[in-house]
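Taking it in order: structure first as structure tokens, then the write-up.
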Amino acid sequence: MSDGGTGEKTEEPTPQKLRQAREKGQVSKSQDAIQAMLFIGVFAVLALTIGSIGDSLMAFLLESIDAGVRTPSVATVVNVTDEGLWQTLMVCLPALGTAFIIGLFANYMQIGFLFTAHPLKPDIKKLNPVNGFKQLFGKKKLVESLKQIVKFTLVSVVVWDAAQDALPDIVRSQRLGIHEGLQVAGGLIFDISVRAGFLFLVVAMADFFWQRHVFKKDMMMSKYDVKQEFKQSEGDPEQKAQRKALGEEMILHGAQQNVAKADVVVTNPAHIAVAIKYDPENGNAPTVVAKGMRKNAEKIKEIAKAEGVPVLRNVPLAQALNKLDLEEEIPEDLYDAVAEVLNFVYELKNEGKI
Numbered sequence: 000m001s002d003g004g005t006g007e008k009t010e011e012p013t014p015q016k017l018r019q020a021r022e023k024g025q026v027s028k029s030q031d032a033i034q035a036m037l038f039i040g041v042f043a044v045l046a047l048t049i050g051s052i053g054d055s056l057m058a059f060l061l062e063s064i065d066a067g068v069r070t071p072s073v074a075t076v077v078n079v080t081d082e083g084l085w086q087t088l089m090v091c092l093p094a095l096g097t098a099f100i101i102g103l104f105a106n107y108m109q110i111g112f113l114f115t116a117h118p119l120k121p122d123i124k125k126l127n128p129v130n131g132f133k134q135l136f137g138k139k140k141l142v143e144s145l146k147q148i149v150k151f152t153l154v155s156v157v158v159w160d161a162a163q164d165a166l167p168d169i170v171r172s173q174r175l176g177i178h179e180g181l182q183v184a185g186g187l188i189f190d191i192s193v194r195a196g197f198l199f200l201v202v203a204m205a206d207f208f209w210q211r212h213v214f215k216k217d218m219m220m221s222k223y224d225v226k227q228e229f230k231q232s233e234g235d236p237e238q239k240a241q242r243k244a245l246g247e248e249m250i251l252h253g254a255q256q257n258v259a260k261a262d263v264v265v266t267n268p269a270h271i272a273v274a275i276k277y278d279p280e281n282g283n284a285p286t287v288v289a290k291g292m293r294k295n296a297e298k299i300k301e302i303a304k305a306e307g308v309p310v311l312r313n314v315p316l317a318q319a320l321n322k323l324d325l326e327e328e329i330p331e332d333l334y335d336a337v338a339e340v341l342n343f344v345y346e347l348k349n350e351g352k353i
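Just so we're aligned, residue 0 is where the sequence shown starts under numbering that gives the first Met the number 0, counting upward by one.
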């Protein structure tokens, strides 16, 4: 395929693409894993609290009947209704609280903390009937439909099997009191939740890895995509090289002026070149006016020779000076070494050798 095309998606997604996808809310998340944890948690709470729920509802029922018999009025009906709503809320509160906490935990364990309003933004593509048709009858929708059928079948089998096992207790509970009957119901609910929860966990684990596989496949990139992303983030390689060359030219142009006024250039000798300027009249310490490494070091040495600036080899001093910034004064621990170099240069000048 030509470079102008997108090409086959054979490249791993880059961190930038994954970050952009996350900002849009596109992450690998298994809803089945969340639903499985919610199912197990809520049914476990119901099984553990079914006894107290039954007692509360029975007490409320008896109190309501007694209130209706003693003071039959509209006000009594209103009070009983309000109390009924409150009792219902209190009965449902443990399960609702458990569902809320588990939902947050299950989401956080999969994708961490993520809040984005991007999916809420209007998108004209969502109104395209062709795209809607593809989503409705696409591979992902088919897989989701098959999963729902499998889960419904598994739950039906589990409920039927658990009901068959509990049938003797169910028949016996008809001769027992309400409290004992609720205990039997709680045991049945607990049994169903354990069996169905185990099966849901198996489905959830399979779906978790399937969703990761699908997400990774969707995020795969072609070589063209990688190249375009690099151009957008780092700039076109040719333009970047031109900017680098222009920058080096500007640096060397400034270095040429600074080297020309320097007293000496200290070298490594091949890898480092540092130009030093000392002005006794201002009372300041010698200053680094230019420095460079490798190619730039060679340029500085060429400029120094052309301008008649002495070039001296001193490996330890060159390495130490190279750590300083431009226009930075020499630190005290280098005074002696720099003074020795400058004195040598001044002696050569006085003797007319340079």
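Built from N, CA and C at the ideal position, the CB exists for glycine as well.
Check: Taking 8 Å as the cut-off, decide whether the C-beta atoms of Asp168 and Val183 are in contact.; Outcome: yes
Check: In this structure, what does DSSP give as the bridge partners for Arg69?; Outcome: Looking at the DSSP assignment, Arg69 forms no beta bridge with any residue, so it has no partner.
Check: Considering only their Cβ atoms, is the gap separating Glu10 from Lys222 smaller than 8 Å?; Outcome: yes
Check: Sort out for me which residues DSSP pairs Glu328 with in a bridge.; Outcome: Thr286
Check: What do you get for Tyr277, buried or exposed, if any count of 16 or more other CB atoms within 10 angstroms of its CB means buried?; Outcome: buried
Check: Closest by CA to Gln318, which one among Val265, Phe42, Phe343, Ile299?; Outcome: Val265
Check: Determine the extent of the beta strand (DSSP E) in which Ala338 is found, giving its start and end residues.; Outcome: First-last for Ala338: 334 to 349, but that is the alpha helix (DSSP H), not the beta strand (DSSP E).
Check: Answer with buried or exposed for Arg69, where buried requires no fewer than 16 other C-beta atoms within 10 angstroms of its C-beta.; Outcome: exposed
Check: Ordered along the chain, which non-local residues of its own chain (more than five positions away) have a Cβ less than 6 Å from that of Ala272?; Outcome: Val264, Thr266, Gly291, Ala296, Ile299, Lys300
Check: Could you pull out every residue in the same chain whose Cβ sits closer than 7 Å to the Cβ of Ala46, ignoring the five residues on either side in sequence?; Outcome: Gly185, Ile188, Phe189, Ser192
Check: Is the beta carbon of Gly196 closer than 8 Å to that of Phe38?; Outcome: yes
Check: Checking 8 Å against the spacing of the C-beta atoms, do Pro12 and Met219 come in under that value?; Outcome: yes
Check: Please confirm whether Ala66 and Leu200 have their CB atoms less than 8 Å apart.; Outcome: no
Check: Using the three-state DSSP reduction, which class does Met57 fall into: helix, strand or coil?; Outcome: helix
Check: In three-state DSSP terms, what is Val76?; Outcome: helix
Check: Once the 5 residues before and after Asp164 are set aside, which same chain residues still bring their CB inside 8 Å of it?; Outcome: Asp190
Check: Alpha carbon to alpha carbon, what distance is there between Lys16 and Glu228?; Outcome: 8 Å
Check: Determine the DSSP secondary structure at Glu26, reduced to helix, strand or coil.; Outcome: In the sequence as displayed, the identity of residue 26 is Val instead of Glu. Here Val26 sits in coil by DSSP.
Check: Taking 6 Å as the limit between beta carbons, can you name the residues of its chain near Gln109, skipping five residues before and five after?; Outcome: Lys28
Check: Put Ser1 into one of helix, strand or coil per three-state DSSP.; Outcome: At Ser1, the pLDDT of 42 sits below 50, so the modelled position is not reliable; the number obtained from the coordinates is stated separately. Ser1 falls in the coil class under three-state DSSP.
Check: Count the other CB atoms, across all protein chains shown, that sit within 10 Å of the CB of Leu245; report buried if there are 16 or more and exposed otherwise.; Outcome: Note that Leu245 scores a pLDDT of 45, beneath 50, so its modelled location is shaky and nothing firm can be said.
Check: Around the Cβ of Gly111, are there at least 16 other Cβ atoms within 10 angstroms (buried) or fewer (exposed)?; Outcome: exposed
Check: In the DSSP assignment, what residue or residues form a beta bridge with Lys8?; Outcome: Ser221
Check: Could you spell out the range, first to last residue, of the alpha helix (DSSP H) harbouring Lys276?; Outcome: Premise fails: Lys276 lies in the beta strand (DSSP E), 271 to 276, not in any alpha helix (DSSP H).
Check: I need the straight-line Cα distance from Gln30 to Asp324, nearest angstrom please.; Outcome: 57 Å
Check: Exposed or buried, what is Asp217 when buried is set at 16 or more other beta-carbons lying within 10 Å of its beta-carbon?; Outcome: exposed
Check: So which of Glu326, Ser63, Glu331, Leu311 has the shortest CA-CA distance to Leu341?; Outcome: Leu311
Check: Within its chain, find whatever has a CB closer than 8 Å to the CB of Val202; leave out the 5 residues flanking it on each side and keep chain order.; Outcome: Asp31, Ala35, Lys146, Val149, Lys150, Leu153
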